[in-house]
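Residue numbers (my numbering), protein chains in the order written: chain E, 1 to 372; chain V, 1 to 372.
Note that beta-carbon positions come from the ideal geometry of N, C-alpha and C, so glycine has one too.
Predicted, not measured: the structure shown is a model, and the values here were computed from it.
Report on the structure given below.
Protein chains: 2
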Amino acid sequence: MLPGPTNVPERIMDAMLKPMINHRSADFTSLLKSVTEKSKYLFQTKEHTLTLSASGTGGVEAVAFALVRPGDSVVVPVFGEFGNRLSEVVELAGGKVVRVNAELGKIPRLEEIREAIRKTDRLKAVCLVHNETSTGCAVPYTEEVAKAAHEKGAFFAVDAVSSLGGYSIPVDKWGVDICVTASQKCLAAPPGLALLSLNRKVAEYLKKSPPAVRYFDLGRQLEFLERGETPFTPAIPLYYALEEALNMLIEETLERRVERHARCASQLYSVLDAIGLKCFADRACRSNTVIAVNYPAGIEDGQFRKRMSEDHDVVITGGFSNLKGKVFRIGSMGDVSNAHVQRTSIAMAVTLTKLGYPVDLNKITGMLASAG
Amino acid sequence: MLPGPTNVPERIMDAMLKPMINHRSADFTSLLKSVTEKSKYLFQTKEHTLTLSASGTGGVEAVAFALVRPGDSVVVPVFGEFGNRLSEVVELAGGKVVRVNAELGKIPRLEEIREAIRKTDRLKAVCLVHNETSTGCAVPYTEEVAKAAHEKGAFFAVDAVSSLGGYSIPVDKWGVDICVTASQKCLAAPPGLALLSLNRKVAEYLKKSPPAVRYFDLGRQLEFLERGETPFTPAIPLYYALEEALNMLIEETLERRVERHARCASQLYSVLDAIGLKCFADRACRSNTVIAVNYPAGIEDGQFRKRMSEDHDVVITGGFSNLKGKVFRIGSMGDVSNAHVQRTSIAMAVTLTKLGYPVDLNKITGMLASAG
């Protein structure tokens, strides 16, 4: 139950064993085309999609270098670690970042973001983390930020690494010019690939103004994609796995996958409520894919997660940087199901009781039975 | 018989199916430590080794950004496509490149490189492609270039993407400050990981002067490695595969693997001689891992490779950019054995005969029998 890498279904793991092929061959071209087309379903786009042999963080860096040139101003809402990272790569690309900060566990008010956009001169882009993995907060106003960015003539980029597929982000409809996610989150594929959507506006811009990096040069990636290739040797087994993961998404449908994520998260939030634990994220912005929970007094992070893992085989993770030791985080994404929710809930209840925070197990199992 | 990705032995493929683990866990730390330690055997180093979830080209870019700061002068011998690429990423990092060119199929004379090093002011680094995959040329003077670079107080970097493991490059002994290779070449693992060695001189430099990139920031990679982590989610299945590939290297020993590569290449060169085909690379610098061969008049690239693949299941590749249609290239690396050499040789002989270039098949099989 990690917020990525998540459990990878056997079908997807087995796909990695398909024969190693020449990446300059018709076989790879057909694999790449399949992945590219199926990704369009995920992003709900008729524009371009791309894959990079790199983690989601690499994809986010590619987005920053795609849009930002030295001296450009960029608005970045920051409400956790991944907002910080996004700001940092925008700065590495030479951008001047206008941060719209929020207290951890909250998100900036839409009006604050709009205000920053209106006030910023030479605004090149607005870059938004859709779902902040470090705090378990998701934003409900992606489309509205897109509008505000476009009114100012700026690009709008979304980091949906830990949410796309668990959430619906129709990039064409909402006006997301470039969006990035990763293989090992809501797609339940192994880690190692970043997926991107980008529209013709970004593609045209990249032709006129290539970025000062090579591996993450999205213009070059598009150019090669047109002839069915990647510029550099791709991580072939991960492409096979991603293709199978996208097949599974299409079989399930995006609609049902999003609904499943919402349902599992809602059950987990109810259980946490019943246990008496407080979520780190504000109720108004709590995420359907990453659930951050405050430790009650007296429960020690290392011990709690060790017992969860050793006694119940349920692996969750701790807090990021400042939140280390203060919260634990549950990834409710990818392959997540009622069975996972039940097992995790019971493991939490038993472990907390064992560690001196008594939980009424009957109440929890009763809840789960009526929900399941 | 591709110059990467190469055939991946079943043992290595199967290793990818090991369970998906948390990359912030003791399990991953122990996998990372194992890969890091075993890589030291490959590089023959007591200094640092690193892995990046990216292709070899990504690793080469990381090397350029590690060493080069805007305005630095860098000497790069260029004798093919990968020398060009290396120059380009040095330029992206802000370097002024002093190219030492050679005609394709040859390598620069050592004295020319020494001269360029001596003459260049504010020389920051010398970056050398050890084995030029596009032309099948390898340099015999790596250690000498290291000395010349160090006499000038410059860093010395080697791109050994398509050669390390097939060649011995003892980085500590020869004074290679930073060296890069990739998983899918002489290690016979799937593509998607770059491997690097770097010494304390580079590590100290990176602490003082961090590069203006994030994903390929080798200083940050080292910092995380010290606590048994990678900065970003690693491509876990590829780490499992790489560990198994390194196990196989250690079982075989580097010495015997290098000898095997030399023997297979030598057999292939003899067969090509007997067939009457001319190698693209000068005899003095021809490679033990990539063999580029001039097409005889009347043999068409697409047709030849199609017949090789469809009739004999032997996949080779064509020429790069300017050499497209003029040469074919055989990768003789990784898992390559006498059996591969025999099958490839017979496939070539039969296919050439079929396409109107008659070869004495008895002579070839006789040669192979006495060699095998």
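Spatial distance of residue i from residue j (CA atoms)
i	j	result
E81 (chain E)	G58 (chain E)	15 Å
V341 (chain E)	L198 (chain V)	45 Å
K147 (chain V)	E300 (chain E)	55 Å
L254 (chain E)	A188 (chain E)	14 Å
K324 (chain V)	T317 (chain V)	10 Å
A274 (chain V)	T133 (chain V)	24 Å
S162 (chain E)	P3 (chain E)	7 Å
N247 (chain V)	N131 (chain E)	40 Å
C179 (chain V)	A347 (chain E)	47 Å
E37 (chain V)	R256 (chain E)	45 Å
K18 (chain V)	P237 (chain V)	7 Å
A265 (chain E)	P234 (chain V)	26 Å
C279 (chain V)	Y269 (chain V)	8 Å
C137 (chain V)	R122 (chain V)	29 Å
P296 (chain V)	S345 (chain V)	16 Å
N362 (chain E)	C285 (chain E)	30 Å
M308 (chain V)	A292 (chain V)	16 Å
Below-8 Å beta-carbon distance, residue i vs any chain E residue
i	result
G56 (chain V)	yes
L238 (chain V)	yes
R329 (chain V)	no
P234 (chain V)	yes
P191 (chain V)	yes
S70 (chain V)	The identity of residue 70 (chain V) in the sequence shown is Pro, whereas the question assumes Ser. Output row for P70 (chain V): interface = no.
Y215 (chain V)	yes
A212 (chain V)	yes
P410 (chain V)	Residue 410 (chain V) is absent from the model: chain V starts at 1 and stops at 372.
N199 (chain V)	no
T51 (chain V)	no
M16 (chain V)	yes
L2 (chain V)	yes
E111 (chain V)	no
8 Å Cβ cutoff, residue i in contact with chain V
i	result
Q221 (chain E)	no
M308 (chain E)	no
Q184 (chain E)	yes
R24 (chain E)	yes
V89 (chain E)	yes
M13 (chain E)	yes
P9 (chain E)	no
P5 (chain E)	yes
M333 (chain E)	no
L92 (chain E)	yes
M367 (chain E)	no
Span of the alpha helix (DSSP H) around residue i
i	result
L272 (chain V)	L254 to I275
I117 (chain E)	L110 to K119
T181 (chain V)	From DSSP, T181 (chain V) is part of no alpha helix (DSSP H) but of the beta strand (DSSP E) over I178 to A182.
S30 (chain E)	A26 to F43
The beta strand (DSSP E) enclosing residue i, as first and last residue numbers
i	result
R329 (chain E)	V327 to G331
H411 (chain E)	No answer is possible for residue 411 (chain E): it lies beyond the span of chain E, which begins at 1 and ends at 372.
K96 (chain E)	K96 to N101
A194 (chain V)	A194 to L198
D301 (chain V)	It is not in any beta strand (DSSP E) - D301 (chain V) instead sits in the alpha helix (DSSP H) that spans D301 to H312.
F82 (chain V)	Taken as a continuous stretch (DSSP letters only), F82 (chain V) belongs to no beta strand (DSSP E), being part of the alpha helix (DSSP H) at E81 to L92.
H48 (chain V)	H48 to L52
D159 (chain V)	F155 to D159
Residues near residue i by beta carbon distance below 6 Å, same chain, minus five either side
i	result
A64 (chain E)	V89, V90 and A93
T181 (chain V)	A160, V161, L164 and L195
R283 (chain V)	none
N288 (chain V)	G166, H261, A262 and A265
Q267 (chain E)	V341 and A371
Close-in-space but distant-in-sequence residues of the same chain around residue i (CB under 7 Å, 5 per side omitted)
i	result
N84 (chain E)	V78
R305 (chain V)	I316, G318 and F328
Q184 (chain V)	G4, P5, T6, P190 and P191
D172 (chain E)	Q44, T45, K46 and E47
Buried or exposed by the 16-neighbour rule on C-beta atoms within 10 Å, applied to residue i
i	result
E204 (chain E)	exposed
Q303 (chain V)	exposed
G153 (chain V)	exposed
L225 (chain V)	buried
N101 (chain V)	exposed
G331 (chain E)	buried
G71 (chain E)	exposed
Spatial neighbours of residue i in its chain, beta-carbon cut-off 8 Å, leaving aside the 5 residues before and after
i	result
E229 (chain V)	H23, R24, F28, T29 and L32
request  = Give, in chain order, every residue of the stretch 311-330 of chain E whose Cβ lies closer than 7 Å to some Cβ of chain A.
outcome  = This model lacks chain A altogether, as its protein chains are E and V.
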